[in-house]
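Each number in this note's numbering comes from the position in the sequence shown (counting from 1) with 51 added on.
Idealized CB from N, CA, C, for every residue including glycine.
The structure displayed is predicted, hence computed values, not measured ones.
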Amino acid sequence: MKKIIAIGIGGIFYEIREALEDEGYSIIGYINDKKNDTVDLPYLGDDNAPVPENISKIITVGGVGEKIGLRKRLYEIHKDGLINLFFKGAIVSRSTTFKENSSIIVFPNTVIQAQAEIGENVFINPGSMIGHHVKIGNHTQISVGVLIGGRTIIGEQCFIGMGAKIFENVKIGNGSIIGADTLVAKDVAPGSVIVRSKSRQLIRG
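Here it is as C-alpha coordinates:
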(Lines of atoms letter the chains of each structure in order from A and count residues from 1; the text may use other names and numbers.)
(Lines give C-alpha, C1' and ligand atoms only; values in the text may rest on other atoms or scores of the structure.)
Protein backbone atom coordinates (compact mmCIF):
# COMPACT_ATOMS: atom_id res chain seq x y z
CA MET A 1 0.00 0.00 0.00
CA LYS A 2 1.27 3.47 -0.92
CA LYS A 3 2.01 5.77 2.01
CA ILE A 4 1.01 9.44 2.12
CA ILE A 5 0.90 12.36 4.58
CA ALA A 6 -1.95 14.87 4.80
CA ILE A 7 -0.84 18.52 4.93
CA GLY A 8 -3.28 20.78 6.80
CA ILE A 9 -6.61 19.65 8.25
CA GLY A 10 -9.82 21.23 6.94
CA GLY A 11 -13.34 20.06 6.17
CA ILE A 12 -12.24 18.61 2.85
CA PHE A 13 -9.74 16.34 4.60
CA TYR A 14 -12.39 13.69 5.27
CA GLU A 15 -13.50 13.48 1.62
CA ILE A 16 -9.92 13.41 0.40
CA ARG A 17 -9.06 10.72 2.93
CA GLU A 18 -11.75 8.41 1.55
CA ALA A 19 -10.62 9.01 -2.02
CA LEU A 20 -7.00 8.33 -1.12
CA GLU A 21 -7.93 5.08 0.60
CA ASP A 22 -9.99 4.06 -2.43
CA GLU A 23 -6.88 4.67 -4.56
CA GLY A 24 -4.80 2.38 -2.37
CA TYR A 25 -3.07 4.97 -0.19
CA SER A 26 -2.45 4.61 3.53
CA ILE A 27 -2.36 7.96 5.38
CA ILE A 28 0.41 7.56 7.94
CA GLY A 29 -0.18 10.89 9.68
CA TYR A 30 -0.88 14.57 9.26
CA ILE A 31 0.89 17.91 9.55
CA ASN A 32 -1.08 20.87 10.91
CA ASP A 33 -0.51 24.08 12.85
CA LYS A 34 -1.75 22.21 15.93
CA LYS A 35 -2.99 18.76 16.91
CA ASN A 36 -6.59 18.02 15.93
CA ASP A 37 -8.19 15.62 18.40
CA THR A 38 -10.95 14.68 15.94
CA VAL A 39 -8.46 13.09 13.53
CA ASP A 40 -7.59 9.48 14.34
CA LEU A 41 -4.14 9.63 12.78
CA PRO A 42 -0.68 10.35 14.18
CA TYR A 43 0.15 14.05 14.52
CA LEU A 44 3.53 14.61 12.86
CA GLY A 45 4.10 18.25 13.83
CA ASP A 46 3.31 21.79 12.77
CA ASP A 47 3.33 23.23 9.25
CA ASN A 48 7.13 23.27 9.08
CA ALA A 49 7.66 19.72 10.31
CA PRO A 50 10.06 17.66 8.16
CA VAL A 51 8.62 14.82 6.13
CA PRO A 52 10.47 11.52 5.61
CA GLU A 53 11.92 11.09 2.14
CA ASN A 54 10.04 8.97 -0.38
CA ILE A 55 6.67 9.64 1.31
CA SER A 56 4.00 11.32 -0.82
CA LYS A 57 2.02 14.34 0.41
CA ILE A 58 -1.19 16.16 -0.44
CA ILE A 59 -2.66 19.42 0.86
CA THR A 60 -6.02 18.76 2.56
CA VAL A 61 -7.19 22.22 3.61
CA GLY A 62 -9.31 24.63 1.58
CA GLY A 63 -11.56 27.66 1.98
CA VAL A 64 -11.84 31.36 1.33
CA GLY A 65 -9.77 34.32 2.50
CA GLU A 66 -6.81 33.36 4.67
CA LYS A 67 -7.24 29.69 3.76
CA ILE A 68 -6.26 30.47 0.16
CA GLY A 69 -3.03 32.02 1.41
CA LEU A 70 -2.52 29.04 3.71
CA ARG A 71 -2.77 26.59 0.80
CA LYS A 72 -0.13 28.57 -1.06
CA ARG A 73 2.19 28.71 1.96
CA LEU A 74 1.85 24.98 2.62
CA TYR A 75 2.50 24.28 -1.05
CA GLU A 76 5.71 26.29 -0.99
CA ILE A 77 6.91 24.54 2.18
CA HIS A 78 6.06 21.00 1.07
CA LYS A 79 6.39 21.26 -2.71
CA ASP A 80 8.60 18.20 -3.09
CA GLY A 81 6.70 14.92 -2.97
CA LEU A 82 3.17 16.22 -3.56
CA ILE A 83 0.73 14.26 -5.72
CA ASN A 84 -2.36 15.14 -7.77
CA LEU A 85 -5.73 13.55 -6.97
CA PHE A 86 -8.42 13.21 -9.63
CA PHE A 87 -11.43 11.53 -8.01
CA LYS A 88 -13.20 8.70 -9.77
CA GLY A 89 -16.11 10.20 -11.67
CA ALA A 90 -14.27 13.36 -12.72
CA ILE A 91 -14.30 13.82 -16.50
CA VAL A 92 -11.09 15.45 -17.72
CA SER A 93 -10.35 16.01 -21.42
CA ARG A 94 -7.19 14.32 -22.61
CA SER A 95 -6.04 17.70 -23.98
CA THR A 96 -6.25 19.38 -20.57
CA THR A 97 -2.79 20.40 -19.34
CA PHE A 98 -1.51 20.54 -15.77
CA LYS A 99 1.69 20.01 -13.84
CA GLU A 100 2.26 16.57 -12.41
CA ASN A 101 2.73 16.23 -8.65
CA SER A 102 1.42 19.69 -7.77
CA SER A 103 -1.42 18.97 -5.29
CA ILE A 104 -4.23 19.47 -7.80
CA ILE A 105 -7.51 18.03 -6.47
CA VAL A 106 -10.50 17.46 -8.76
CA PHE A 107 -13.66 16.06 -7.14
CA PRO A 108 -16.26 13.72 -8.73
CA ASN A 109 -18.86 14.93 -11.24
CA THR A 110 -16.55 17.69 -12.42
CA VAL A 111 -16.11 18.20 -16.17
CA ILE A 112 -12.96 19.82 -17.58
CA GLN A 113 -13.25 20.40 -21.31
CA ALA A 114 -10.71 20.45 -24.12
CA GLN A 115 -7.53 22.55 -23.99
CA ALA A 116 -8.11 23.77 -20.43
CA GLU A 117 -5.03 24.65 -18.36
CA ILE A 118 -5.07 23.92 -14.63
CA GLY A 119 -2.48 25.62 -12.42
CA GLU A 120 -0.58 24.22 -9.47
CA ASN A 121 -2.34 23.54 -6.15
CA VAL A 122 -5.80 24.10 -7.69
CA PHE A 123 -8.81 22.60 -5.93
CA ILE A 124 -12.05 21.98 -7.88
CA ASN A 125 -15.17 20.88 -5.96
CA PRO A 126 -17.88 18.47 -7.18
CA GLY A 127 -20.25 19.31 -10.01
CA SER A 128 -18.26 22.13 -11.58
CA MET A 129 -17.90 22.57 -15.34
CA ILE A 130 -14.70 24.09 -16.71
CA GLY A 131 -15.14 25.16 -20.34
CA HIS A 132 -12.77 24.73 -23.27
CA HIS A 133 -9.53 26.75 -23.25
CA VAL A 134 -10.14 27.97 -19.70
CA LYS A 135 -7.02 28.85 -17.71
CA ILE A 136 -7.04 28.54 -13.92
CA GLY A 137 -4.14 30.10 -12.03
CA ASN A 138 -2.11 28.60 -9.21
CA HIS A 139 -3.62 28.19 -5.72
CA THR A 140 -7.18 28.93 -6.85
CA GLN A 141 -10.23 27.18 -5.41
CA ILE A 142 -13.41 26.43 -7.38
CA SER A 143 -16.45 25.64 -5.20
CA VAL A 144 -19.35 23.24 -5.80
CA GLY A 145 -21.40 23.60 -8.98
CA VAL A 146 -19.45 26.42 -10.64
CA LEU A 147 -19.87 26.99 -14.39
CA ILE A 148 -16.98 28.64 -16.24
CA GLY A 149 -17.44 29.54 -19.91
CA GLY A 150 -14.86 28.85 -22.59
CA ARG A 151 -11.64 30.89 -22.88
CA THR A 152 -12.12 32.47 -19.47
CA ILE A 153 -8.97 33.19 -17.46
CA ILE A 154 -9.06 32.81 -13.67
CA GLY A 155 -6.08 34.38 -11.91
CA GLU A 156 -3.97 33.06 -9.06
CA GLN A 157 -5.23 32.73 -5.47
CA CYS A 158 -8.86 33.27 -6.44
CA PHE A 159 -11.95 31.81 -4.75
CA ILE A 160 -15.01 31.09 -6.90
CA GLY A 161 -18.08 30.53 -4.71
CA MET A 162 -20.71 27.83 -4.90
CA GLY A 163 -22.94 27.96 -7.97
CA ALA A 164 -21.21 30.96 -9.55
CA LYS A 165 -21.53 31.34 -13.32
CA ILE A 166 -18.80 33.04 -15.35
CA PHE A 167 -19.43 33.94 -18.99
CA GLU A 168 -17.04 33.13 -21.83
CA ASN A 169 -13.90 35.21 -22.44
CA VAL A 170 -13.94 36.82 -18.98
CA LYS A 171 -10.77 37.59 -17.04
CA ILE A 172 -10.79 37.26 -13.24
CA GLY A 173 -7.84 39.10 -11.68
CA ASN A 174 -5.46 37.57 -9.14
CA GLY A 175 -6.72 37.36 -5.57
CA SER A 176 -10.38 37.92 -6.44
CA ILE A 177 -13.36 36.40 -4.63
CA ILE A 178 -16.57 35.60 -6.50
CA GLY A 179 -19.50 35.00 -4.13
CA ALA A 180 -21.98 32.13 -4.27
CA ASP A 181 -24.56 32.20 -7.09
CA THR A 182 -22.93 35.25 -8.66
CA LEU A 183 -23.20 35.83 -12.41
CA VAL A 184 -20.04 37.36 -13.89
CA ALA A 185 -20.32 38.76 -17.42
CA LYS A 186 -17.36 41.14 -17.56
CA ASP A 187 -13.73 41.29 -16.48
CA VAL A 188 -12.93 41.52 -12.76
CA ALA A 189 -10.01 43.60 -11.51
CA PRO A 190 -7.36 41.97 -9.27
CA GLY A 191 -8.28 41.85 -5.59
CA SER A 192 -12.00 42.36 -6.19
CA VAL A 193 -14.88 40.85 -4.24
CA ILE A 194 -18.04 40.27 -6.29
CA VAL A 195 -21.15 39.52 -4.22
CA ARG A 196 -24.48 38.66 -5.82
CA SER A 197 -26.65 40.09 -3.04
CA LYS A 198 -25.17 43.55 -3.52
CA SER A 199 -25.13 43.40 -7.33
CA ARG A 200 -22.01 45.50 -7.30
CA GLN A 201 -18.25 45.22 -7.10
CA LEU A 202 -16.45 45.66 -3.79
CA ILE A 203 -12.78 46.58 -3.82
CA ARG A 204 -10.62 45.44 -0.95
CA GLY A 205 -8.69 48.24 0.73
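The beta carbon of residue 239 lies closer than 8 angstroms to those of 221, 222, 223, 224, 227, 229, 245 and 252 in the same chain, with the five residues before and after it left out. Looking only at 98, 203, 106 and 219, the smallest Cα-Cα distance to residue 188 is reached by 203. Going by DSSP, residue 81 is part of no alpha helix (DSSP H) but of the beta strand (DSSP E) stretching over 76-82. In this structure, residue 106 sits away from residue 93, with a CB-CB distance that is not shorter than 8 angstroms.
Secondary structure note for residue 53: its beta strand (DSSP E) is the uninterrupted segment 53-58. Note on residue 89: under 16 other CB atoms within 10 angstroms of its CB, so exposed under the neighbour-count rule. Judged by beta-carbon spacing, residue 161 lies within the 8 angstroms limit of residue 179, meaning their Cβ atoms are closer than that value. The bridge partners DSSP lists for residue 168 are 148 and 186. When only Cα atoms are considered, residue 170 and residue 57 end up about 20 angstroms apart. The closest CA to that of residue 241, considering only 118, 207, 60 and 232, is found on 207.
In the three-state reduction of the DSSP assignment, residue 108 falls in the strand class. Separation of residue 210 and residue 75 (C-alpha to C-alpha, rounded to the nearest whole angstrom) is 30 angstroms.
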